[in-house]
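K.L.:
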Amino acid sequence: MAETTKAEQPAAHEPKYTYPIPRTSPNEPPCQYAQLRAEEPVCPIALPTGHPAWLVTRYEDVKTVLADPRFSREALFRDGAPRAQLVEPDSSSLISMDPPRHSVLRNLTNREFSPRRAEAMRPRIQEIVDRLLDDMAEMTGPVDLNATLARPLALQVICELLGIPYEDQHLFGAWCDHFMSLTKYTAEEIVRSNTEMRNYIADLAAQKREKPGEDLLSKLVHSMDNEQTITHEELISTGVMFLLAGHDTTVTVTGGGVVLLLRNPEQLALIQQDMSLMDQACEEIIRMVTPGDGTFIRITLEDVELSGTTIPANSAVIAPISAANRDDSVFEDPDTFDVHRKDNKHIGFAYGTHFCAGSALARAEIQIAMKSLFTRFPTLRLHVDAEDLRWRMTAALGGYEEIPVIW
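Residue numbers (the numbering used here): 19 to 425.
1. Rounding to the nearest angstrom, what Cα-Cα distance links F349 and M306 in this structure?
2. What are the start and end residues of the beta strand (DSSP E) that includes R316?
3. Using the rule of at least 16 other Cβ atoms within 10 Å of the residue's Cβ for burial, across every protein chain shown, is A25 buried or exposed?
4. Anyone know if the C-beta pair for T308 and S340 falls short of 8 Å?
5. Would you say the region 290-302 touches the region 381-392, given that touching needs at least three Cβ pairs under 8 Å?
6. Which two residues bound the contiguous beta strand (DSSP E) that contains P70?
7. Start and end of the beta strand (DSSP E) containing E323?
8. Skipping 5 residues on each side, what residues in its chain have a beta carbon closer than 6 Å to that of G159?
9. Alpha carbon to alpha carbon, how far is W193 from V357? Give it in angstroms, no decimals.
10. In this structure, how does DSSP classify R135 when only helix, strand and coil are distinguished?
11. Do F355 and Q290 have their C-beta atoms within less than 8 Å of each other?
12. With which residues is W409 paired in a DSSP beta bridge?
13. Measure the C-alpha to C-alpha separation of I421 and E232 and round it to an integer number of angstroms.
14. Can you check which of these residues, G326, I336, K363 and T328, is closest to N343 by C-alpha distance?
15. Between which residues of its own chain and I329 is the CB-CB distance below 8 Å, once the five residues before and five after are set aside?
16. Tell me the residue span of the alpha helix (DSSP H) that contains C61.
17. Nearest-angstrom Cα distance between R408 and A172?
18. Are there three or more Cβ pairs, one per stretch, closer than 8 Å when the region 172-183 is compared with the region 251-270?
19. If you follow the beta strand (DSSP E) that A334 is part of, which residue opens it and which one closes it?
20. Do you know offhand how far S129's Cα is from E32's?
21. Report yes if the C-beta distance between L261 and L238 is below 8 Å; otherwise report no.
22. Is it the case that the Cβ atoms of E92 and D116 are separated by a distance below 8 Å?
23. From P352 to Y418, what distance separates their C-alpha atoms?
24. For K34, which option in T42, E46 and G68 has the closest C-alpha, if you only look at C-alpha atoms?
25. Counting along the chain, where does the beta strand (DSSP E) carrying I329 start and finish?
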């Protein structure tokens, strides 16, 4: 772990914005990103906590921040280090670690989230989607697509993979809301919710010790007890991370993808004429609908120069993936949704050490949900104007509050 010496603050700078920058439209990332890429690609900002930070917006710079070891996650735990949320992040979580410890824990979970495992789960994902759409067909509109399809699909898949009883889903919504909050709740409320969630995972792990299954939590308990490759705290943190981030990100992209298709009916028509285009369209959706937007900050371990600006050591850096995925030096006409886009170099699943472990599973869920939804409900449409949808500005992973649809 990083040493706990007092972190020096970066040289004084006037923050240009407070992060997250408000959206002028719920359907697009902040319009300031394009201007910043052109004029000030490394920009001084303030975090929601008031701490100073730097915002990078160019594709190559974002990739550097995400992959270069000079930008550390573990350094967040140095005394006095800046942070984006009201409570200190979890030092025993994968998302808070640097190699080599990160590599050890990541290897324990890789098999459960491998492309082969994701392919093997496709029939089960299809079963879940079909059942949810059957239920939706019996409803009278408008219905919230998040509540009827995106969230229950993602929750059931991750619960089955982890070995968590799906009937406890009513607990997860509030926990996730607190865990991912930037400014919505007080520090005390967030800590209380996190404690409840960790106690739940700890109790479940104890049950897995007595009655193990083929699920990920059972395998992590086995690794802890028999191989000592993971600690008790790390096991709990891994369960929490995959439960929350493993479903909330997919909910954001699934719901946002539906909105994107409905806002671009000519592109949707191309897919409905040739459903084989949907997988390629989903890559374009992942490029344009990005959860998180760089809220997981890094700390510079030394002075680093990006795009002609020197970021001092011990500085917080935000690298919004949505800004990188709209960089016109990489993507032609980047603000246009194009289901025929070739060689899509998006980094919607991040990049480098913290590349999304569940990317193959998320792709399978999004592809199956999109194909099935628009096959079953070809006349699906939004019940409100897209500009009237509400984006969760206070949540670390963003996403629409509700997506009311009719057909």
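Every residue, glycine too, gets a C-beta built ideally from N, C-alpha and C.
P.N.:
According to the structure shown:
1. Between the C-alpha atoms of F349 and M306 there is a straight-line separation of about 11 Å.
2. R316 to T318
3. Annotation note: pLDDT 40 at A25 (below 50); position unreliable, no value reported.
4. At a Cβ-Cβ threshold of 8 Å, T308 and S340 count as neighbours.
5. Cβ pair count under 8 Å is three or more, so yes.
6. Run containing P70: P70 to V74, per the beta strand (DSSP E) assignment.
7. E323 -> beta strand (DSSP E) spans V322 to L324.
8. I424
9. 36 Å
10. helix
11. no
12. DSSP output for W409 lists Y418 as bridge partner(s).
13. 35 Å
14. K363
15. P28, V60, W72, T318, D321, V322, E323 and V335
16. DSSP places C61 in no alpha helix (DSSP H) but in the uninterrupted beta strand (DSSP E) bounded by V60 to A64.
17. 21 Å
18. yes
19. A334 to I336
20. First, the residue type needs correcting, since residue 129 is Arg and not Ser in the sequence shown. So the two alpha carbons sit approximately 46 Å from each other.
21. no
22. yes
23. 22 Å
24. G68
25. For I329, the enclosing beta strand (DSSP E) covers residues T327 to I329.
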